[in-house]
Amino acid sequence: MSSQTFSFDEIPAPPTGPELMSAINEPLPPYLVRLVHLMDRIERREQPARATPLPDAVPAFDPVVRRKF
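Residue numbers (the numbering used here): 217 to 285.
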């Protein structure tokens, strides 16, 4: 089995100009849209729950708060 190496000069360049713009403007196929939504839901589920701040939690450096105490 022969191993083949490539240099950066042999790698095809990405499309430019009108080819690139037409590829960008095409809508995604439905299966990819569903996949992206599924991955987003999984990612949100894996994030730890954020603690909600208490309603009376105010920064101590606020001068208005200091006058009230």
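Using N, Cα and C, we set each Cβ at its ideal position, and we do this for glycine too.
Nothing here was measured: the structure is a model prediction, and the numbers come from that model.
Under the three-state reduction of DSSP output, E242 falls in the coil class, being neither helix nor strand.
In the structure shown, the three-state DSSP call for D256 is helix. Q263 and P245 have their C-alpha atoms roughly 28 Å apart. Take S223, set aside five residues on each side of it, and no residue of its chain has a beta-carbon closer than 6 Å to its own.
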